[in-house]
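Down below is the structure, laid out as structure tokens.
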Amino acid sequence: MKDIFISADTIISPLGFTSEANVTEIAKERSGITLHNDISNSPCYASIINDKKLNEAFNTLGNPDIYTKLEKIMILSLHNTISQAAFSISDKTALIIATTKGNVDALNNNFKPERAYLPVLGKKIKDFFGFKTEPIIISNACVSGILAIAVAKRFIQNEYYDNAFVVGGDIVSKFTLSGFQSFQAISDKPCKPFSNQRTGISIGEAAASVAISNKNTEKEAIQIIGDGSCNDANHISGPSRTGEGLYLSILSALIEAKLEPENIDYISAHGTATAFNDEMEAIAFNRAKLEHVPLNSLKGYYGHTLGASGLLETIIGMYSIKNNTLYSSLGFDELGVSMPLNIIQNTTKTKVNTFLKTASGFGGCNTAVLLKKIML
Amino acid sequence: MKKNLNIIAYCRIKNHSISVNGKEVITKDSQLTFPEFAKLVYKEKDIAYPKFFKMDNLSKLGFLASEFLFENAELNQTTKENIGIVLSNKSASLDTDRKYQETINDKDNYFPSPAVFVYTLANIMIGEISIRHQIKGENVFFVSDKFNETLLEQYASSLIQNEKSSHVLCGWVDVDNDKYDAFMYLVAEEESENYSKEIIKKIYKEN
Numbered sequence: 001m002k003d004i005f006i007s008a009d010t011i012i013s014p015l016g017f018t019s020e021a022n023v024t025e026i027a028k029e030r031s032g033i034t035l036h037n038d039i040s041n042s043p044c045y046a047s048i049i050n051d052k053k054l055n056e057a058f059n060t061l062g063n064p065d066i067y068t069k070l071e072k073i074m075i076l077s078l079h080n081t082i083s084q085a086a087f088s089i090s091d092k093t094a095l096i097i098a099t100t101k102g103n104v105d106a107l108n109n110n111f112k113p114e115r116a117y118l119p120v121l122g123k124k125i126k127d128f129f130g131f132k133t134e135p136i137i138i139s140n141a142c143v144s145g146i147l148a149i150a151v152a153k154r155f156i157q158n159e160y161y162d163n164a165f166v167v168g169g170d171i172v173s174k175f176t177l178s179g180f181q182s183f184q185a186i187s188d189k190p191c192k193p194f195s196n197q198r199t200g201i202s203i204g205e206a207a208a209s210v211a212i213s214n215k216n217t218e219k220e221a222i223q224i225i226g227d228g229s230c231n232d233a234n235h236i237s238g239p240s241r242t243g244e245g246l247y248l249s250i251l252s253a254l255i256e257a258k259l260e261p262e263n264i265d266y267i268s269a270h271g272t273a274t275a276f277n278d279e280m281e282a283i284a285f286n287r288a289k290l291e292h293v294p295l296n297s298l299k300g301y302y303g304h305t306l307g308a309s310g311l312l313e314t315i316i317g318m319y320s321i322k323n324n325t326l327y328s329s330l331g332f333d334e335l336g337v338s339m340p341l342n343i344i345q346n347t348t349k350t351k352v353n354t355f356l357k358t359a360s361g362f363g364g365c366n367t368a369v370l371l372k373k374i375m376l
Numbered sequence: 377m378k379k380n381l382n383i384i385a386y387c388r389i390k391n392h393s394i395s396v397n398g399k400e401v402i403t404k405d406s407q408l409t410f411p412e413f414a415k416l417v418y419k420e421k422d423i424a425y426p427k428f429f430k431m432d433n434l435s436k437l438g439f440l441a442s443e444f445l446f447e448n449a450e451l452n453q454t455t456k457e458n459i460g461i462v463l464s465n466k467s468a469s470l471d472t473d474r475k476y477q478e479t480i481n482d483k484d485n486y487f488p489s490p491a492v493f494v495y496t497l498a499n500i501m502i503g504e505i506s507i508r509h510q511i512k513g514e515n516v517f518f519v520s521d522k523f524n525e526t527l528l529e530q531y532a533s534s535l536i537q538n539e540k541s542s543h544v545l546c547g548w549v550d551v552d553n554d555k556y557d558a559f560m561y562l563v564a565e566e567e568s569e570n571y572s573k574e575i576i577k578k579i580y581k582e583n
């Protein structure tokens, strides 16, 4: 199987419109989560991109009025990634789009309801950049963003494509917010992953994109070395009490990468800060003998950005490798799960060569991807 | 080494009828709505699985197609546990999204329900099938403008070639207002190759 590399990345979030700007803010422990009075029936914490700043940034690319917010953040992110990438769009370049809810807000805003169909979103992005292949759209709940990296890797390894641009995005809408509220899953404070004080998620919005290729020209590069995406087969909305699907996903990725748990330097967990999710992850990481590996959840910085989260958090992990820095798990104080975990409490300089990214979502889905630094 | 793949069973549900491997097994009155049709099929098949009635129309459709498919394929539980599931459609969960949206449109008539919200994700159907058959394999849900045999063929092949799955349940399951269409098939490694995007498309068109 061919080696697959991940490079050129862009995060669009309240913390900034480039990955570098985002990492700088994270290093200062700044969060995008603030109190908002206008997104729900009562004030609510969320991580939301400022519309005025977004439209100013988008103005150089197109008319901000004719694109939805999600389209704007995805296009802005991809535009920067495409311009950085070592390859250009060819008929062997895939466009992979990951989103949980897409333009669902078009069911009840000024855009036509047809805009809510995901293939319409796909066509907007395809046409904007002139992609030559049909977009591959993944809508697999909250693992969509990280699963998109696994899908790109598999398609390129099997030589259906030479390379891919992958973009993930979701916005904060009344639709998703009210749904999580109906589950009583929204925290009344900024979310606190893995803490004994945690009371639920904060919701967030972001777009993230990367370039993935079977070629590498950089002196130092990041290789995707293993992945797995297994189902709990247990419950459609509740996380498995044994962490089954997540454990199997991690195992599948480790076997493919031919790695042992002690070879992993860092885990970028899902850590939504709901009682059941974080507990499930602790169980799965312990079953996989990963409880000693430094771990964080980045939800304290971004909230839960749904289909973007796995991709966004992978990019931050890539900067952990580049900068040899483990970033603190914001919102954490005292461990609030029944099994041991090594939560990163302070941002620290240390060698980071190999990391594991995981995510889990409704429908019992889980994904694990392993990434590794290589030197030419 | 490249493995030879084959389609070992397929099922189609559309226009009030169900066919398995090209043979019609059930056909009902064309005046029935999809939920009415689904309920009749459930009763006729004597499926004892009360969770079925909690499902949205998309999950019901996918669930029924998988019931007919697995009944025909006769796989043992160890094989079943490792099956990859690769489903796709055009409308994702929009059929249920619209119903959920109605519950939050009006501040004076605001009644969002977690039981409806959870089905506003198309991959819940994969979860339902996984729970029913205890399948813990690879999952993905793709969305495309129309039935995309190339995407399904390539991804199922990738899962088998990369040794992530020995069998892959593939398909197209779409529900959009009154329209519904399901086509599901099982791909596995076999001695002789009889699997290509052309074969998939031919079966889809002829059934």
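If you're matching them up, the sequences are chains A and B in order.
Per the working numbering, the very first residue in the first sequence carries number 1; after that it's consecutive.
Per the working numbering, the very first residue in the second sequence carries number 377; after that it's consecutive.
Even for Gly, the Cβ is constructed at its ideal location relative to N, Cα and C.
Note that this is a predicted model, so its numbers are computed, not measured.
Tryptophan 548 of chain B is not a Cβ neighbour of asparagine 448 of chain B, given a cutoff of 9 Å.
The continuous beta strand (DSSP E) containing asparagine 366 of chain A extends over residues 365-375.
Here leucine 326 of chain A is not near alanine 208 of chain A, since their CB atoms are 9 Å or more apart. The DSSP-derived three-state label of cysteine 191 of chain A is coil. One finds Leu497, Asn499, Ile500, Ile502 and Gly503 in chain B with Cβ atoms closer than 7 Å to the Cβ of glycine 363 of chain A, taken in chain order.
Taking a Cβ-Cβ threshold of 9 Å, the residues of chain A close to valine 494 of chain B are Gly179, Phe183, Ile236, Ser237, Phe362 and Gly363, in chain order. By the C-beta density criterion, glutamine 453 of chain B is exposed, having fewer than 16 other C-beta atoms within 10 angstroms. With respect to chain B, the C-beta atom of glycine 204 of chain A has no partner C-beta closer than 9 Å. The DSSP-derived three-state label of aspartate 162 of chain A is coil.
In the displayed model, threonine 325 of chain A falls within a strand according to three-state DSSP.
Distance from the CA of alanine 282 of chain A to the CA of valine 352 of chain A, rounded to the nearest whole angstrom, comes to 22 Å. Contact annotation: the stretch 337-349 of chain A touches the stretch 285-294 of chain A, with at least three C-beta pairs closer than 8 Å. Scanning chain A for C-beta atoms nearer than 7 Å to the C-beta of alanine 468 of chain B yields Leu118 and Ser139, reported in chain order.
For tyrosine 117 of chain A, there is no enclosing beta strand (DSSP E), as DSSP marks it with neither H nor E. Listed along the chain, the chain A residues whose CB falls inside 8 Å of the CB of lysine 512 of chain B are Cys230, Asn231, Asp232, Ala233, Glu244, Gly245 and Leu248.
The C-alpha of valine 401 of chain B lies about 11 Å from the C-alpha of lysine 421 of chain B. Listed in chain order, the beta strand (DSSP E) runs fully inside the stretch 254-329 of chain A are 266-268 and 294-296, counting runs of at least 3 residues.
Residue pairing by DSSP places leucine 35 of chain A opposite A:Tyr45 in a beta bridge.
Closer than 9 Å to the CB of asparagine 397 of chain B there is not a single CB belonging to chain A.
With 16 or more neighbouring CB atoms inside 10 Å of its own CB, glycine 169 of chain A falls in the buried class. Here DSSP, grouped into helix, strand and coil, assigns arginine 198 of chain A to coil. If only uninterrupted beta strand (DSSP E) runs of at least 3 residues are considered, those enclosed by the stretch 54-107 of chain A are 93-98. For isoleucine 212 of chain A and leucine 416 of chain B, the gap between their C-alpha atoms comes out near 48 Å.
For the stretch 468-486 of chain B, the set of residues with a beta-carbon nearer than 9 Å to any beta-carbon of chain A comprises Ala468, Ser469, Leu470, Asp473, Arg474, Tyr476, Gln477, Thr479, Ile480, Asn481, Lys483 and Tyr486, in chain order. Of all residues in the stretch 516-528 of chain B, only Val516, Phe517, Phe518, Val519, Ser520, Asp521, Lys522, Asn524, Thr526 and Leu527 come within less than 9 Å of chain A when Cβ atoms are compared, listed by chain position. Under the three-state reduction of DSSP output, methionine 560 of chain B falls in the strand class.
With fewer than 16 other Cβ atoms from the protein chains shown falling within 10 Å of its own Cβ, lysine 378 of chain B counts as exposed.
Taking the Cα positions, isoleucine 250 of chain A is about 39 Å away from phenylalanine 487 of chain B. Boundaries of the beta strand (DSSP E) around serine 209 of chain A: 206-213. The C-alpha of tyrosine 45 of chain A is placed about 20 Å away from the C-alpha of asparagine 277 of chain A.
When DSSP states are grouped into helix, strand and coil, asparagine 481 of chain B belongs to the coil group. Secondary structure at asparagine 109 of chain A: coil, using DSSP grouped into helix, strand and coil. Annotation for leucine 463 of chain B: the continuous beta strand (DSSP E) segment containing it runs 460-465. Counting along the chain, the unbroken alpha helix (DSSP H) around asparagine 22 of chain A starts and ends at 19-27.
For asparagine 382 of chain B, the uninterrupted beta strand (DSSP E) run begins and ends at 381-390, by DSSP.
Contact holds between the stretch 127-141 of chain A and the stretch 491-509 of chain B, because three or more Cβ pairs, one in each stretch, are under 8 Å apart.
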